[in-house]
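Here the structure is laid out as structure tokens; the discussion comes afterwards.
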Amino acid sequence: MRPDRILPSITLIIVFLFGCQTIEQHKSIANFNVVGVSKPSNRRIEESSTLKSGGEIRVSAIGDIIPHSNIKKTAEMHNLSVDSVSKNNEGYDYLFERVRDSLKSDITIANFESPIAPLSGNKGQPYIFNAPVSLLRASKKANINVFNIANNHIYDQGISGFKETIDILRKEETSFIGLYREDIPIPLVIEKNGIRVAIFGFTTLLNNQPDYDGLKEYVRRLDLSKDLKYVQSAKSDSDVVIVYIHWGEEYKKEPDKNQNDIAEAIIEAGADVIIGGHPHILQPLYLIPSKDKRVVPVAFSMGNFVSNQSRNYSYPISQTDEGRTRDSAILKFGLKKFSFKDSSFVVVSDLYFVPVWTINNNLFYSKGLENTLEIYPILIDEELRRYEEELKNEKDDKRSRRLMLDIENLNKRKAIIKDTLGEDYFR
Numbered sequence: 100m101r102p103d104r105i106l107p108s109i110t111l112i113i114v115f116l117f118g119c120q121t122i123e124q125h126k127s128i129a130n131f132n133v134v135g136v137s138k139p140s141n142r143r144i145e146e147s148s149t150l151k152s153g154g155e156i157r158v159s160a161i162g163d164i165i166p167h168s169n170i171k172k173t174a175e176m177h178n179l180s181v182d183s184v185s186k187n188n189e190g191y192d193y194l195f196e197r198v199r200d201s202l203k204s205d206i207t208i209a210n211f212e213s214p215i216a217p218l219s220g221n222k223g224q225p226y227i228f229n230a231p232v233s234l235l236r237a238s239k240k241a242n243i244n245v246f247n248i249a250n251n252h253i254y255d256q257g258i259s260g261f262k263e264t265i266d267i268l269r270k271e272e273t274s275f276i277g278l279y280r281e282d283i284p285i286p287l288v289i290e291k292n293g294i295r296v297a298i299f300g301f302t303t304l305l306n307n308q309p310d311y312d313g314l315k316e317y318v319r320r321l322d323l324s325k326d327l328k329y330v331q332s333a334k335s336d337s338d339v340v341i342v343y344i345h346w347g348e349e350y351k352k353e354p355d356k357n358q359n360d361i362a363e364a365i366i367e368a369g370a371d372v373i374i375g376g377h378p379h380i381l382q383p384l385y386l387i388p389s390k391d392k393r394v395v396p397v398a399f400s401m402g403n404f405v406s407n408q409s410r411n412y413s414y415p416i417s418q419t420d421e422g423r424t425r426d427s428a429i430l431k432f433g434l435k436k437f438s439f440k441d442s443s444f445v446v447v448s449d450l451y452f453v454p455v456w457t458i459n460n461n462l463f464y465s466k467g468l469e470n471t472l473e474i475y476p477i478l479i480d481e482e483l484r485r486y487e488e489e490l491k492n493e494k495d496d497k498r499s500r501r502l503m504l505d506i507e508n509l510n511k512r513k514a515i516i517k518d519t520l521g522e523d524y525f526r
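Numbered by my numbering, the letters in the sequence shown go through residues 100 to 526 in order.
Given below as structure tokens:
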């Protein structure tokens with residue numbers, strides 16, 4: 100991407116959607132507001148008898164949920180059952196216990212990196228996934244309510260597994276994105292508090308290229324020559340368009356040219372927020388201006404959220420980059436509606452990240468040093484407070500040293516996450 104298209108800091112020149120009137124406002128990036136306009140200050144709202152504040156919704160977004168074998172094993176070890184009936188979704192609730200409350204929003208989007216095919220598929224193997232229905236249910240119980248299925252693993256269990264996945268998603272009354280119907284991408288449309296949001300799921304990658312003949316519904320690779328017009332159409336019929344896209348190169352710290360070009364094309368078609376995945380590590384969030392003077396946040400990669408990657412990372416022995424597939428975040432922002440005379444518009448406001456780290460004791464468990472496999476995401480700031488409080492009261496020297504190392508590691512990972520995504524996007 101050309102340097103002039105990436106704006107790590109910006110003074111927004113606001114162009115209201117109802118005409119050529121403008122309001123210039125200098126704001127810190129942590130509070131930037133986009134989708135064509137910026138929310139005026141409270142003082143200016145009060146001064147205008149015609150500018151009125153309307154409804155608001157909150158959105159959260161996270162990265163990949165991947166059913167690696169050790170994720171399944173962690174759930175199995177923490178399954179709570181009575182009379183052979185699980186009380187915690189076969190242990191998968193345990194994975195989300197420490198992040199559940201922070202995921203609660205009006206819309207919370209995740210990438211579900213697997214088919215769900217208990218009948219037509221196999222149990223899964225390295226790089227070929229098959230998730231249990233209980234993982235989907237646990238994810239929903241953890242406040243995730245929109246799932247992207249447009250990713251490179253969607254056909255891991257073949258066409259029959261794909262069809263079973265769609266059937267299960269519908270049977271479980273799950274909102275999902277990424278499906279094409281007769282070659283038309285189908286957005287999920289959510290209307291709440293007077294705000295209409297269209298959400299698309301796209302992927303540039305598929306591990307398998309199935310034969311679509313005879314299928315009315317499927318997932319295919321993004322084709323800009325075909326798909327942009329549907330983004331444009333959704334924009335004309337909605338207040339906001341969000342695109343969640345699977346793209347890029349695995350383990351690359353910066354977006355590549357293809358990601359940049361696709362982002363620009365989707366923005367010009369009308370996308371107001373773009374959220375990316377697939378590289379398995381975090382990539383920066385950039386603000387990209389459109390020709391119609393919107394400023395669009397693009398989170399190029401949200402990394403992993405639930406996974407077994409970097410399972411042998413050990414602080415302070417391992418190299419820093421070895422832990423990047425365990426770095427993660429929750430992206431949060433608001434959508435707020437305003438009206439002016441006979442027109443209305445929505446702004447993206449209060450955008451920030453919550454830093455997340457994946458606990459993974461595989462190294463100790465595999466050596467017999469710990470009895471239970473523990474893999475789950477945590478909120479770094481909450482865990483730091485807990486560790487620091489525990490350290491104050493800890494009398495055992497060995498445990499104190501362990502706590503100090505854990506605190507050092509979490510502070511280091513937090514610094515890496517902030518540096519990757521952008522310092523200004525954290526509270």
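Using N, Cα and C, we set each Cβ at its ideal position, and we do this for glycine too.
Residue i versus the options, residue with shortest Cα-Cα distance
| i | options | result |
| --- | --- | --- |
| H167 | N306, S438, Y486 and S406 | S406 |
| N292 | N461, I458, R157 and D523 | R157 |
| E155 | L327, R500, V447 and T457 | V447 |
| R484 | P286, R498 and N510 | N510 |
| L478 | K513, K491 and E489 | K513 |
| F228 | K171, E493, S204 and M503 | K171 |
| E363 | L462, I161 and V397 | V397 |
| R423 | Q408, G433, I416 and I374 | Q408 |
| G190 | E522, K203, I206 and N169 | N169 |
| S491 | I165, M503 and E481 | For the record, residue 491 in the displayed sequence is Lys; it is not Ser. For the residues I165, M503 and E481, the minimum Cα distance to K491 belongs to M503. |
| Y350 | K392, N242, Y464 and T519 | T519 |
Per-residue burial, residue i [other beta carbons within 10 Å of its own, 16 or more giving buried]
| i | result |
| --- | --- |
| D192 | buried |
| H125 | Reliability of the predicted coordinates at H125 is poor, the pLDDT of 25 falling under 50, and no value is obtained from them. |
| P139 | Residue placement at P139 is flagged as unreliable, the pLDDT there being 37, under the threshold of 50; a coordinate-derived value is accordingly withheld. |
| R142 | At R142 the pLDDT is 40, less than 50, meaning the model places this residue with poor confidence; the figure from the coordinates comes in the next sentence. It counts as exposed. |
| Q382 | buried |
| D312 | exposed |
| V184 | exposed |
| N221 | exposed |
| S89 | Any question about residue 89 goes unanswered here, given that the chain covers just 100 to 526. |
| Y524 | buried |
| N306 | exposed |
| D163 | buried |
| P225 | exposed |
| N459 | buried |
| I298 | buried |
| Q358 | buried |
| T273 | buried |
| R498 | exposed |
| P284 | buried |
| T207 | buried |
| T419 | exposed |
| S427 | buried |
| S442 | exposed |
| I128 | Per-residue confidence for I128 stands at a pLDDT of 34, beneath the threshold of 50, marking its modelled position as unreliable; the derived number appears in the next sentence. Per the 10 Å Cβ criterion, buried. |
| S180 | exposed |
| L278 | buried |
| N132 | Low confidence applies to N132: its pLDDT is 41, below 50, so where it sits in the model is not reliable, and the reading given next is rough at best. Burial call: buried. |
C-beta contact flag for residue i and residue j at 7 Å
| i | j | result |
| --- | --- | --- |
| F399 | P454 | no |
| H252 | S213 | yes |
| K436 | G153 | yes |
| A370 | V394 | no |
| H379 | G347 | no |
| R526 | Y412 | no |
| I215 | V198 | no |
| T457 | R425 | yes |
| F439 | L234 | no |
| I276 | L268 | no |
| I506 | Y486 | yes |
| F301 | I248 | no |
| L327 | A160 | no |
| R320 | T303 | yes |
| D338 | V245 | no |
| R410 | N461 | yes |
| K270 | N242 | no |
| I294 | L434 | yes |
Residue i CB to nearest heavy atom of the ligand MN below 6 Å
| i | result |
| --- | --- |
| F299 | Ligands displayed in this structure: none; no statement on the ligand MN is therefore possible. |
I'd like to know if the segment 474-487 and the segment 187-201 are in contact, where contact means that at least 3 CB-CB pairs between them fall below 8 Å.
These segments touch.
Give, in chain order, every unbroken run of the beta strand (DSSP E) that is at least 3 residues long and sits entirely within the segment 426-469.
At a cut-off of 3 residues, the continuous stretches assigned as beta strand (DSSP E) that sit fully inside the segment 426-469 are 426-439 and 442-459.
Length-filtered (4 minimum) alpha helix (DSSP H) runs lying within the segment 472-519
Counting only runs of 4 or more, we get 479-492.
Inspect the CB distances between the segment 235-245 and the segment 254-266 and report whether three or more fall short of 8 Å.
Touching, no.
With a cut-off of 8 Å, do at least 3 Cβ pairs link the segment 323-338 to the segment 350-368?
Taking 8 Å as the limit for Cβ pairs, the verdict is that the segment 350-368 does touch the segment 323-338.
Which runs of the alpha helix (DSSP H) fall wholly inside the segment 236-297 and span at least 4 residues, in chain order?
Taking only runs of at least 4 residues, the alpha helix (DSSP H) segments lying wholly in the segment 236-297 are 257-270.
For the segment 386-410, which segments carrying the beta strand (DSSP E) assignment without a break, of at least 3 residues, lie completely within its bounds, in sequence order?
As far as the segment 386-410 is concerned, its whole beta strand (DSSP E) runs of at least 3 residues are 394-401 and 403-405.
Those runs of the alpha helix (DSSP H) which lie wholly inside the segment 149-219 and span at least 4 residues:
As far as the segment 149-219 is concerned, its whole alpha helix (DSSP H) runs of at least 4 residues are 168-176 and 192-195.
Kindly provide the ranges of any beta strand (DSSP E) runs that are 3 or more residues long and lie completely inside the segment 309-371, ordered along the chain.
Unbroken beta strand (DSSP E) runs of no fewer than 3 residues, entirely contained in the segment 309-371, are found at 339-345, following chain order.
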